[in-house]
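Visitor: Protein chains in written order, with this note's numbering: chain A, 195 to 684; chain B, 34 to 538.
Cβ atoms here follow ideal geometry from the backbone N, Cα and C, with glycine treated the same way.
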Amino acid sequence: MNPALVLPAVDLRPLLPLLVLAVTAGLVLLLDLVPPRERKDHLGFVSALGVVGTLIVTYWMTFSVGGGELRGFRGMVVLDPYALFFNIVIGYATGIVLLLSMDYIRRERQEAGEFYALVLFSALGMMLMASAGDLIMVFLGLETMSIALYVLTGFFRSRIEAGEASMKYFLIGAFASGFFLYGIALIFGATGSTNLDRIGNAVAAGAGRDPMLVIGFGLLLVGFGFKISSVPFHMWAPDAYEGAPTSVAALIATGSKAAAFAALLRVLLTAVRGAPLDWPFLVWGLSVLTMTVGNVVALAQQNLKRMLAYSSIAHVGYMLVGVVAGGSLGSGSVLFYLLAYTFTTAGAFGVLLLLERDGREAVQLADYGGLAARHPLAALALSIFLLSLIGIPPTAGFVGKFYLFAAAVKSGYVWLAVIGVLNSAVAAYYYLRLIVFMYMREPEGAPTVLAPSLSGALALVVALWGVVQLGVMPGPLFDLAQAAVVPLLR
Amino acid sequence: MGYLLTLVTFLPAAGALLVLLLPRRQEPATKRLALGTTLVTFAVSLPLYFRFDPTSADYQFVEQKAWIPSLGVGYHLGVDGISVLLVLLTTFLMPLVILSSWTSVESRWKEFAITMLLLEAGMIGVFVSLDLFLFYVFWEAMLIPMYLIIGIWGGHNRVYAAVKFVLYTLAGSLLMLVAILALYFQHGAATGVYTFDLPVLARYVLPGGRAQDLMFFAFALAFAIKVPMFPFHTWLPDAHVEAPTAGSVILAGVLLKMGTYGFLRFCLPLFPDASLTYAPWMFVLSVIGILYGAWVCTVQPDIKKLVAYSSVSHLGFVVLGLFTLTPQGLVGGLIQMVNHGLSTGALFLMVGMIYERRHTRLIADFGGLWKVVPAFSAVFLIVCLSSVGLPGLNGFVGEFLILLGAFQVDRLAAVLATSGIIFAAVYLLWMYQRVCFGEVTHEANRRLTDLSPREWAVLLPVLLFIVWIGVYPTTFTAMTEPSVQSLISQVQSKARATTAALMTR
Numbered sequence: 195m196n197p198a199l200v201l202p203a204v205d206l207r208p209l210l211p212l213l214v215l216a217v218t219a220g221l222v223l224l225l226d227l228v229p230p231r232e233r234k235d236h237l238g239f240v241s242a243l244g245v246v247g248t249l250i251v252t253y254w255m256t257f258s259v260g261g262g263e264l265r266g267f268r269g270m271v272v273l274d275p276y277a278l279f280f281n282i283v284i285g286y287a288t289g290i291v292l293l294l295s296m297d298y299i300r301r302e303r304q305e306a307g308e309f310y311a312l313v314l315f316s317a318l319g320m321m322l323m324a325s326a327g328d329l330i331m332v333f334l335g336l337e338t339m340s341i342a343l344y345v346l347t348g349f350f351r352s353r354i355e356a357g358e359a360s361m362k363y364f365l366i367g368a369f370a371s372g373f374f375l376y377g378i379a380l381i382f383g384a385t386g387s388t389n390l391d392r393i394g395n396a397v398a399a400g401a402g403r404d405p406m407l408v409i410g411f412g413l414l415l416v417g418f419g420f421k422i423s424s425v426p427f428h429m430w431a432p433d434a435y436e437g438a439p440t441s442v443a444a445l446i447a448t449g450s451k452a453a454a455f456a457a458l459l460r461v462l463l464t465a466v467r468g469a470p471l472d473w474p475f476l477v478w479g480l481s482v483l484t485m486t487v488g489n490v491v492a493l494a495q496q497n498l499k500r501m502l503a504y505s506s507i508a509h510v511g512y513m514l515v516g517v518v519a520g521g522s523l524g525s526g527s528v529l530f531y532l533l534a535y536t537f538t539t540a541g542a543f544g545v546l547l548l549l550e551r552d553g554r555e556a557v558q559l560a561d562y563g564g565l566a567a568r569h570p571l572a573a574l575a576l577s578i579f580l581l582s583l584i585g586i587p588p589t590a591g592f593v594g595k596f597y598l599f600a601a602a603v604k605s606g607y608v609w610l611a612v613i614g615v616l617n618s619a620v621a622a623y624y625y626l627r628l629i630v631f632m633y634m635r636e637p638e639g640a641p642t643v644l645a646p647s648l649s650g651a652l653a654l655v656v657a658l659w660g661v662v663q664l665g666v667m668p669g670p671l672f673d674l675a676q677a678a679v680v681p682l683l684r
Numbered sequence: 034m035g036y037l038l039t040l041v042t043f044l045p046a047a048g049a050l051l052v053l054l055l056p057r058r059q060e061p062a063t064k065r066l067a068l069g070t071t072l073v074t075f076a077v078s079l080p081l082y083f084r085f086d087p088t089s090a091d092y093q094f095v096e097q098k099a100w101i102p103s104l105g106v107g108y109h110l111g112v113d114g115i116s117v118l119l120v121l122l123t124t125f126l127m128p129l130v131i132l133s134s135w136t137s138v139e140s141r142w143k144e145f146a147i148t149m150l151l152l153e154a155g156m157i158g159v160f161v162s163l164d165l166f167l168f169y170v171f172w173e174a175m176l177i178p179m180y181l182i183i184g185i186w187g188g189h190n191r192v193y194a195a196v197k198f199v200l201y202t203l204a205g206s207l208l209m210l211v212a213i214l215a216l217y218f219q220h221g222a223a224t225g226v227y228t229f230d231l232p233v234l235a236r237y238v239l240p241g242g243r244a245q246d247l248m249f250f251a252f253a254l255a256f257a258i259k260v261p262m263f264p265f266h267t268w269l270p271d272a273h274v275e276a277p278t279a280g281s282v283i284l285a286g287v288l289l290k291m292g293t294y295g296f297l298r299f300c301l302p303l304f305p306d307a308s309l310t311y312a313p314w315m316f317v318l319s320v321i322g323i324l325y326g327a328w329v330c331t332v333q334p335d336i337k338k339l340v341a342y343s344s345v346s347h348l349g350f351v352v353l354g355l356f357t358l359t360p361q362g363l364v365g366g367l368i369q370m371v372n373h374g375l376s377t378g379a380l381f382l383m384v385g386m387i388y389e390r391r392h393t394r395l396i397a398d399f400g401g402l403w404k405v406v407p408a409f410s411a412v413f414l415i416v417c418l419s420s421v422g423l424p425g426l427n428g429f430v431g432e433f434l435i436l437l438g439a440f441q442v443d444r445l446a447a448v449l450a451t452s453g454i455i456f457a458a459v460y461l462l463w464m465y466q467r468v469c470f471g472e473v474t475h476e477a478n479r480r481l482t483d484l485s486p487r488e489w490a491v492l493l494p495v496l497l498f499i500v501w502i503g504v505y506p507t508t509f510t511a512m513t514e515p516s517v518q519s520l521i522s523q524v525q526s527k528a529r530a531t532t533a534a535l536m537t538r
């Protein structure tokens with residue numbers, strides 16, 4: 195008798211949000227082949243709808259899964275409240291970026307269906323990282339995301355900076371992947387598994403003293419350090435942001451960072467916990483270094499995309515404060531901050547992207563002289579995003595920082611909180627400088643014009659809504675963030 | 034009227050929204066709407082005075098709702114004898130300030146009206162918040178409108194002054210945020226109740242020692258920068274000189290009071306031990322501020338800068354009074370806050386009026402104004418004398434009470450501070466003499482016009498209160514006394530409790 199071919203029951207539910215994205219991306223590629231060939235607006239529209247669908251599925255699953263979790267593919271994929279929260283962050287980031295891109299890439303005469311598909315594929319990778327229960331899955335997600343982003347970074351082929359940015363990002367990214375893979379190999383050697391839970395158990399059983407494991411974790415941390423662009427692994431970020439299409443820079447700054455943080459926190463909380471490593475101390479140093487270097491270098495920037503790049507590095511430093519603090523408050527505040535930061539930074543990049551001067555993007559500080567007189571609404575929106583980046587209430591940025599520093603004080607890292615707030619005061623200078631240009635200078639030279647874009651305006655409205663809503667009524671979403679990390683802490 | 038304080042706080046913000054909807058070319062309507070909003074806010078705030086129970090030390094008109102329950106953050110508003118006068122001072126000054134800007138603000142009235150109204154909402158919010166989180170939100174949010182007012186409508190060096198103002202205050206208040214968090218967690222760990230509610234936190238006896246000292250320093254730094262006390266005052270002359278008249282009046286009249294109010298509302302009851310321990314140092318800094326501010330005033334060639342430095346001196350008196358922890362000192366300090374808001378506010382208003390006519394503020398450019406503009410000169414004299422502290426006018430009452438309090442605690446400080454009043458007479462009257470007496474030395478001054486009806490409307494209400502407080506201060510001091518008494522007994526009993534705890538350890 196032939197043994198019947200038994201297919202293992204495949205539970206696709208843990209992949210549901212990702213599947214929606216994957217199907218949409220495939221659909222976009224297909225639709226790209228059929229007329230109308232000259233206009234691609236409808237592809238952007240379909241992609242945005244797909245992201246909205248993912249968000250709806252995510253929200254629905256948040257309620258239907260409750261505090262429980264779905265595991266699939268032998269624990270390779272875990273869909274728990276933690277992953278769902280990150281799906282929300284990544285979903286908003288991707289949605290805002292897509293809306294911003296639609297008129298933007300046409301204006302730059304680079305319209306192509308692949309653009310939207312690549313954004314969706316990178317979002318797919320990001321969500322995979324957030325729900326990875328296994329180091330291999332983390333790596334797969336990381337590569338899916340990164341390769342799409344390398345291409346997107348160089349998407350404006352005719353620009354020389356685009357090639358440089360893409361090349362740098364790719365080379366350094368590949369280098370980081372090497373570290374990451376080597377780390378996984380060493381950890382596998384020490385514990386015999388790549389599954390995060392099993393690594394955690396092995397570490398708790400005493401494998402933590404193995405130098406191989408310690409080196410493995412160290413290499414992993416370096417790999418993550420590159421992806422979240424923490425100092426000293428940040429050198430690629432300013433060049434990549436500067437050369438990339440502005441909407442892609444927004445995606446790198448928000449979605450890819452959220453995904454990297456998602457995987458980093460999950461690894462730290464499930465696998466490394468219990469290891470006799472002083473990792474909070476290590477991250478403490480990284481945090482202080484990252485925020486200080488980011489803010490100090492940002493002070494000297496004249497190019498706003500570079501300034502926002504260094505500012506995003508500084509914000510990584512703040513988020514690492516929450517990682518150091520740990521506990522449900524510390525980890526929860528990192529999640530909340532990522533959401534707040536996503537709305538804020540995507541919005542700030544969004545305003546930049548809508549402004550043009552002399553037929554090129556307005557990215558120099560000088561382009562913003564007297565903007566408030568010409569485009570009061572754009573200036574107001576950008577000011578609100580900048581105030582949120584400084585951390586002035588009642589914006590999302592303030593509440594986010596408040597939670598992070600509260601967690602630090604609670605866990606006894608008072609001096610870290612002090613260094614953090616002093617950094618915020620330094621940072622206020624360069625954000626305010628932009629407000630000074632917009633409101634307190636007279637316009638000079640060629641006028642800065644606002645490109646009309648309905649979808650872009652919609653993206654900004656979504657971002658503003660997020661910034662204000664999280665600033666005024668942070669309670670519900672913070673509770674969600676905190677509930678998302680509690681199961682990991684057990 | 035369960036929502037009176039919410040109404041008073043957010044009416045100006047609602048007015049700002051309405052202004053936002055007006056078309057830009059409707060400038061007269063914008064002005065009227067802004068003035069109307071501030072007048073209505075003042076009218077709505079009047080019940081705070083009439084319905085206030087002056088015999089009670091409790092918070093009144095209290096509103097309390099949960100805001101972020103998981104953190105213990107509440108929307109908790111209320112006023113007592115310490116804050117009620119400051120709220121009224123704010124709502125009283127705002128219409129006058131808007132009226133005074135009628136012609137002096139020449140561009141972007143729409144933005145001006147919006148920022149002024151948002152500023153008013155923020156300032157009232159600071160005085161009525163009884164939750165540390167809520168307080169901090171208003172405290173920080175208020176920075177931005179002030180920054181814009183200095184930076185957009187200010188003088189030549191306005192951007193520098195505006196950025197200096199924000200960075201200075203931000204650095205101080207961010208450290209206070211860490212201290213607020215430290216207090217929150219320490220209280221939570223000790224009692225099991227995690228809350229930012231001020232009355233609850235104030236009941237908790239914080240153990241004395243290094244932690245309390247550090248928290249006290251963080252709070253005191255934020256407030257000392259705001260007051261500003263020597264040596265944190267360097268932002269003030271820049272901000273005042275560059276700010277438009279409206280900004281200067283609000284800065285002197287209300288914003289600086291937030292520092293002294295903070296000492297009274299937060300530092301004293303939350304950190305009684307540290308407050309008592311470091312009171313002598315606060316005396317030293319206050320007295321230095323009083324004397325140094327006065328001396329610097331004497332040599333200023335610019336009237337506005339002179340008035341700005343006089344704030345350093347006058348607020349030195351207030352801080353001196355507060356840290357005596359005597360009933361006279363505290364009541365005097367409170368009244369002096371109001372007095373300074375009226376007198377210095379009026380001085381800035383008048384400097385602004387003369388600047389609008391002559392486009393100069395240098396003392397040397399004036400002289401003999403009495404012959405040209407007698408009404409202006411007469412009012413200016415009354416305001417100067419009230420600032421000097423002439424008996425019968427408001428300044429005397431506050432300074433006398435403060436010195437009375439200081440004399441019981443530290444005679445040397447009281448004697449040195451008294452000499453500050455003499456110096457005040459020197460710099461203000463000398464300035465007045467050079468501006469108003471003598472012959473008209475500049476031809477341009479012969480054509481000056483006297484006070485217009487609009488300017489009378491701005492100045493008369495202030496003059497009314499200058500005389501009222503000078504002649505019959507009890508109307509106002511009576512409201513403050515129960516709260517002040519209860520604050521003092523609270524501080525002393527808590528300080529005793531910590532000392533007792535240290536003894537038995």
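Are any of the Cβ atoms in chain B nearer than 8 angstroms to that of Asp673/A?
Guide: Along the first sequence, read from residue 1 onward, the residue named residue 673/A stands at position 479. Asp673/A counts as touching chain B.
Visitor: Quick one: list the residues of chain B neighbouring Ala619/A, beta-carbon separation under 8 angstroms, in chain order.
Guide: Counting from 1 along the first sequence, the entry for residue 619/A is found at position 425. Within 8 angstroms Cβ-Cβ: Leu200, Leu203, Ala204, Leu207.
Visitor: Taking the DSSP output, what are the residues bridged to Ser162/B?
Guide: Within the second sequence, residue 162/B is the residue found at index 129, counting from 1. In the DSSP assignment, Ser162/B forms a beta bridge with Leu110/B.
Visitor: Could you check which residue in Leu514/A, Ser295/A, Leu682/A, Gly244/A has the C-alpha nearest to that of Lys451/A?
Guide: For the purposes of this step, residue 451/A is taken as the residue at position 257 of the first sequence. Lys451/A has its Cα closest to that of Leu514/A, out of Leu514/A, Ser295/A, Leu682/A, Gly244/A.
Visitor: Based on the DSSP output, what are the partners of Gln93/B in its beta bridges?
Guide: On the second sequence, position 60 is the one that residue 93/B refers to. Answer by DSSP bridge pairing, in chain order: Val112/B.
Visitor: Need the endpoints of the alpha helix (DSSP H) that Thr218/A sits in, please.
Guide: Position 24 of the first sequence, counted from the first residue, corresponds to residue 218/A. Per DSSP, Thr218/A belongs to the alpha helix (DSSP H) from 210 to 225.
Visitor: Closest to Phe631/A by CA distance: which of Leu390/A, Ala566/A, Asn617/A, Ala356/A is it?
Guide: To locate residue 631/A, count along the first sequence from 1; it is residue 437. For Phe631/A, the nearest C-alpha among the options comes from Ala566/A.
Visitor: Measure from the C-beta of Ala174/B to each C-beta in chain A and report whether the shortest distance is under 8 angstroms.
Guide: Position 141 of the second sequence, counted from the start, is the residue given in the question as residue 174/B. For Ala174/B, the answer is yes, since a Cβ of chain A falls inside 8 angstroms of its Cβ.
Visitor: Between Tyr535/A, Val528/A, Val240/A, Leu498/A, which has its C-alpha nearest Leu546/A's C-alpha?
Guide: Locating residue 546/A in the first sequence gives position 352, where the first residue counts as 1. Measuring C-alpha to C-alpha distances from Leu546/A to each of Tyr535/A, Val528/A, Val240/A, Leu498/A identifies Leu498/A as the nearest.
Visitor: Report the residue ranges of all alpha helix (DSSP H) runs contained in full by the region 404 to 428 of chain B; include only those spanning at least 4 residues, in chain order.
Guide: 407 to 421
Visitor: Taking C-beta pairs closer than 7 angstroms, name the residues in chain A that Ala101/B reaches, listed in chain order.
Guide: Along the second sequence, read from residue 1 onward, the residue named residue 101/B stands at position 68. Strictly speaking, residue 101/B in this sequence is Ile, with Ala absent from that position. Result: Pro668, Gly669.
Visitor: Rounded to whole angstroms, what is the Cα-Cα separation between Glu472/B and Lys404/B?
Guide: Residue numbering aside, residue 472/B sits at position 439 when the second sequence is read from its first letter. Residue numbering aside, residue 404/B sits at position 371 when the second sequence is read from its first letter. Approximately 8 angstroms between the Cα atoms of the pair.
Visitor: What whole-angstrom Cβ distance do Gly349/B and Ile323/B have, given they're in contact under 8 angstroms?
Guide: On the second sequence, position 316 is the one that residue 349/B refers to. On the second sequence, position 290 is the one that residue 323/B refers to. 4 angstroms between Cβ atoms; contact.
Visitor: Restricting to runs no shorter than 3 residues, where is the beta strand (DSSP E) found entirely within the region 323 to 370 of chain B?
Guide: none
Visitor: Quick one: give me the first and last residue of the alpha helix (DSSP H) that Arg500/A is part of.
Guide: The residue you call residue 500/A lines up with position 306 of the first sequence. Arg500/A -> alpha helix (DSSP H) spans 498 to 519.
Visitor: Going by other Cβ atoms of all chains shown within 10 Å of its Cβ, with 16 needed for buried, is Glu153/B buried or exposed?
Guide: Residue mapping note: residue 153/B aligns to position 120 of the second sequence, counting from 1. Classification for Glu153/B: buried.
Visitor: Would you mind telling me which residues of chain A sit closer than 7 angstroms to Phe218/B, beta carbon to beta carbon, in chain order?
Guide: Translated into the one-based positions of the second sequence, residue 218/B becomes position 185. Neighbours of Phe218/B on chain A, chain order: Val603, Lys604.
Visitor: Would you mind telling me which residues of chain A sit closer than 7 angstroms to Ala477/B, beta carbon to beta carbon, in chain order?
Guide: Here residue 477/B refers to the residue found at position 444 of the second sequence. Near Ala477/B there are no residues of chain A at all, since even the closest Cβ is about 29 angstroms away, more than 7 angstroms.
Visitor: State yes or no: is the beta carbon of Leu626/A nearer than 8 angstroms to at least one beta carbon in chain B?
Guide: The sequence position of residue 626/A within the first sequence is 432, counting from 1. With 8 angstroms as the cut-off, Leu626/A counts as an interface residue toward chain B.
Visitor: Counting along the chain, where does the alpha helix (DSSP H) carrying Glu275/B start and finish?
Guide: Taking the second sequence and counting its residues from 1, the one referred to as residue 275/B is at position 242. Glu275/B -> alpha helix (DSSP H) spans 268 to 275.
Visitor: What are the residues in the region 304 to 320 of chain A lying within 7 angstroms of chain B by C-beta distance?
Guide: Cβ contacts with chain B: none found.
Visitor: Given Tyr92/B, which residues of its chain have a CB within under 8 angstroms of its CB, disregarding the five upstream and five downstream residues?
Guide: Numbered from its first residue, the second sequence carries residue 92/B at position 59. Excluding positions up to five away in sequence, the list reads Gly111, Val112, Asp113, Leu163, Pro232.
Visitor: Are the CB atoms of Met156/B and Thr74/B nearer to each other than 8 angstroms?
Guide: Numbered from its first residue, the second sequence carries residue 156/B at position 123. Numbered from its first residue, the second sequence carries residue 74/B at position 41. Not a contact, by the Cβ cut-off of 8 angstroms.
Visitor: DSSP has Gln59/B in a bridge; who is on the other side?
Guide: As a position in the second sequence, residue 59/B is number 26, starting the count at 1. According to DSSP, which records beta bridges pairwise, Gln59/B is partnered with nothing at all.
Visitor: Looking only at its own chain, which residues have a Cβ that is under 7 angstroms from the Cβ of Leu418/B, when we skip the five neighbours before and after it?
Guide: Residue numbering aside, residue 418/B sits at position 385 when the second sequence is read from its first letter. Excluding sequence neighbours, Leu418/B sits near Leu426.
Visitor: Could you compute how far the alpha carbon of Asp297/A sits from the alpha carbon of Ala277/A?
Guide: The count along the first sequence starts at 1 and reaches residue 297/A at position 103. The count along the first sequence starts at 1 and reaches residue 277/A at position 83. About 31 angstroms.
Visitor: Do you know offhand how far Leu312/A's Cα is from Ala223/B's?
Guide: Along the first sequence, read from residue 1 onward, the residue named residue 312/A stands at position 118. Along the second sequence, read from residue 1 onward, the residue named residue 223/B stands at position 190. Going by the C-alpha atoms only, they are around 54 angstroms apart.
Visitor: Cα separation between Met315/B and His475/B?
Guide: Here the question's residue 315/B lines up with position 282 in the second sequence. Here the question's residue 475/B lines up with position 442 in the second sequence. Going from the Cα of Met315/B to the Cα of His475/B covers about 45 angstroms.
Visitor: Helix or strand or just coil, what does DSSP make of Gln586/A?
Guide: Counting from one through the first sequence, the residue named residue 586/A turns up at place 392. The amino acid at residue 586/A is misidentified as Gln; the sequence shows Ile. Looking at Ile586/A - three-state DSSP - the assignment turns out to be coil, as it is neither helix nor strand.
Visitor: Using the Cβ count rule (16 or more neighbours within 10 Å means buried), how would you classify Ile507/A?
Guide: For the purposes of this step, residue 507/A is taken as the residue at position 313 of the first sequence. Buried: at least 16 other Cβ atoms inside 10 Å.
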